[in-house]
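Participant:
Residue numbers (this note's numbering), protein chains in the order written: chain U, 1 to 317; chain X, 318 to 612.
1) Out of curiosity, what's the CA-to-CA distance linking residue 323 of chain X and residue 346 of chain X?
2) Mind listing which residues of the region 87 to 111 of chain U have their C-beta closer than 7 Å to chain X's C-betas, in chain order?
3) Would you say residue 446 of chain X reaches chain B, if we count a Cβ-Cβ gap shorter than 8 Å as a contact?
4) Pull up the DSSP beta-bridge partners for residue 545 of chain X, would you.
5) Please return the same chain residues whose Cβ sits closer than 8 Å to the Cβ of residue 383 of chain X, not counting the five positions on each side in sequence.
6) With distances taken between CB atoms, is the gap from residue 181 of chain U to residue 199 of chain U smaller than 8 Å?
7) Just the Cα atoms here: how many angstroms apart are residue 395 of chain X and residue 321 of chain X?
8) I'd like the span of the beta strand (DSSP E) that includes residue 6 of chain U, first residue to last.
9) What residue range is occupied by the uninterrupted alpha helix (DSSP H) comprising residue 599 of chain X?
10) Just list the residues that DSSP pairs residue 165 of chain U with in beta bridges.
11) For residue 1 of chain U and residue 307 of chain U, I'd like the C-alpha separation in whole angstroms.
12) Please go through the same chain and pick out, in chain order, the residues whose beta-carbon is closer than 7 Å to the beta-carbon of residue 438 of chain X, but skip the five residues on each side of it.
13) Is there a Cβ of chain X sitting closer than 8 Å to that of residue 2 of chain U, yes or no?
14) Return yes when the Cβ of residue 140 of chain U is within less than 8 Å of the Cβ of residue 77 of chain U, no when it is not.
15) Would you call the region 289 to 301 of chain U and the region 130 to 147 of chain U in contact, with 3 or more CB pairs under 8 Å?
16) Out of U:169, U:202, U:223 and U:316, state which residue places its alpha-carbon closest to the alpha-carbon of residue 232 of chain U.
17) In angstroms, rounded to a whole number, what distance separates the CA positions of residue 411 of chain X and residue 375 of chain X?
18) Give me, in chain order, the residues of the same chain whose beta-carbon lies closer than 7 Å to that of residue 269 of chain U; leave out the 5 immediate sequence neighbours on both sides.
19) Using the Cα positions of residue 154 of chain U and residue 47 of chain U, report the straight-line distance between them to the nearest angstrom.
20) Using CA atoms only, rank isn't needed, just tell me which of X:466, X:529, X:537 and X:340 is closest to residue 407 of chain X.
21) Comparing C-alpha positions only, which one of X:552, X:537, X:460 and X:362 sits nearest to residue 495 of chain X?
22) Please check if any C-beta of chain X sits within less than 8 Å of the C-beta of residue 52 of chain U.
23) Note down, in chain order, each residue of its chain lying with its Cβ closer than 7 Å to the Cβ of residue 380 of chain X, except the 5 sequence neighbours on either side.
24) Alpha carbon to alpha carbon, how far is residue 388 of chain X from residue 157 of chain U?
25) Put residue 269 of chain U into one of helix, strand or coil per three-state DSSP.
26) Rounding to the nearest angstrom, what Cα-Cα distance links residue 531 of chain X and residue 417 of chain X in this structure?
27) State buried or exposed for residue 286 of chain U, treating a residue as buried only when at least 16 other CB atoms are found within 10 Å of its CB.
28) So, at 6 Å on beta carbons, what are the nonlocal neighbours of residue 225 of chain U in its own chain, with the 5 sequence-adjacent residues on each side left out?
29) According to DSSP, is residue 576 of chain X part of a helix, a strand, or is it coil?
30) Taking Cβ positions only, does residue 71 of chain U come closer than 8 Å to chain X?
31) Quick one, which of X:353, X:544 and X:342 has its alpha-carbon nearest residue 566 of chain X's?
Dropping the structure here:
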């Protein structure tokens, strides 16, 4: 009994670009810094309106992040816009030393994260980014779920005064975040209350977690769905409450399971209130060929996959 | 964050004021006197810590002193003043030379130098801008300071701000590709307010630069990247002051400062092992005897 979500879906890059332009109109410190990624980061409109405030360093990610740190030193608020795999992989040491360790207010915007580049293959997939970024002290790691949350994340990052990494979703998803949902550093968003199992999801998996909750409700299983836009700092209290009040936790993310959301939640659960857990993500393999939708399903990162994990956790598997 | 030392600060303002206002030939004597003091502090710091990079510290000293006393517009009392010139030591392992220079300028008390690399000291083995006034970005991993300095200069350019940016690079450091990314960016954007200084001492940790990975023809490399090249004796203060003048070509300027690693201590000069060897007490005594205070 597959229920297909019929809601319209959106690529969040448009929302990202619109919000960045709106902020730039009111704050002249905001600049965009890219690596020949004007088109893929949807910065054409930004460039038209603010040609001097779009810095393109060419295909040079180490320079990209270093230059952004220097712009921040000069009083700018740089939004670094680059494909997530190259931004976080190639420039990892610049992110660590020039941005996080140097405490510069740089917003690192990982475009087309996760497996959004599908068929282009693992060189273009960014499934390690959450593990890598989470390991860097002082760096906030933000994974918006949809266009509404992407807009909130951009506004938050511009005003935060601190280094952050922001995944900008490309994979099309329904807009599930309520317009009045709070967006605060280290705070989760309760999307569905429930008492049997908690599903904690980020990014592309949030709408899929909600769909799984709908299906399980039909089976008489009450699922709490928490959206955790801040993988770091994590909403520890919400995790502990979930561990205490429900029978277990399933985490779901479009990332390797080695060190992202699931690992972050597990470290809190183990220390503060042990409970059964299932961590859904990409196992420690490079993805086969396939489009993003295929790959998500392939790795069980689907409503079916989330529902199966919940049933397994309850012993209904 | 450490805070300024009022007495040193007053002295720094007087000395650097004289250096900038007077006959450059008189300035040289002042700069040489400061350089000796800075070098003495470096040797003492490294001896006390039992750690450090003495060879590169001594090769870069005259460059640092010329920059801070003769060129840069900085205020040790207001290290984050928006209109300051930006100085980045990309070869962050020569932190002892930077700390010693900053302390002599009054950014923080010279007594603090005694804590170099001691537990919980602000003076880490590589510079930290959160703890040490006068530091603009945390360096240590090579190939980082130049892109950051490029971003500083680009920010000034976007604002039409008058301040300038100076970044000091090691020569071995130029083997890091990120530097050449920055070199391309700076010339593409015509960042004439950016000056890079290469401490060309021709040695790196393990061997001579040319035995490790050839840098020559270095001046031609920079020219082909769109930079104005000025090549000087990096221990000649008069030459350094001239080379550090602002660009008039519309291009960013690189000063290739030919230096001697271990400069000022005869038994350390141009010897690869003094990259990070720590002098014995006897060697410290001999070094300090060679680094006799002027006047």
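Think of the CB as a built atom: it goes at the ideal place given N, C-alpha and C, for glycine as much as any other residue. Here the structure is a predicted model, which means the values were calculated and not measured.
Facilitator: Straight from the coordinates:
1) Roughly 24 Å separates the two Cα atoms.
2) So the close ones are 93, 94, 97, 98, 101, 102 and 103.
3) In the displayed structure, chain B is absent; the protein chains listed are U and X.
4) X:570
5) Correct list, in chain order: 348, 554, 557, 558 and 561.
6) no
7) 9 Å
8) Neither: residue 6 of chain U is in no beta strand (DSSP E) and is coded neither H nor E.
9) 598 to 607
10) Its beta-bridge partners are U:108 and U:141.
11) With a pLDDT of only 35 at residue 1 of chain U, under 50, the local geometry of the prediction cannot be trusted, and the value read off the model is given with reservation. One C-alpha to the other measures close to 12 Å.
12) A distance below 7 Å between beta-carbons, with the five flanking residues on each side excluded, links residue 438 of chain X to the following residues of its chain, in chain order: 432.
13) Low per-residue confidence applies at residue 2 of chain U: pLDDT is 42, beneath 50, and the placement is therefore not dependable, though the value from the model is reported in the following sentence. Residue 2 of chain U does not count as touching chain X.
14) Contact flag unset, no.
15) no
16) U:202
17) 9 Å
18) 239, 243, 249, 275 and 277
19) When rounded, the separation of the alpha-carbon atoms in residue 154 of chain U and residue 47 of chain U is 18 Å.
20) X:466
21) X:460
22) yes
23) 485, 514, 516, 551, 557 and 574
24) 37 Å
25) helix
26) 32 Å
27) exposed
28) Contacts found: 191, 192, 199, 209, 210 and 213.
29) coil
30) It does; some Cβ of chain X falls within 8 Å.
31) X:544
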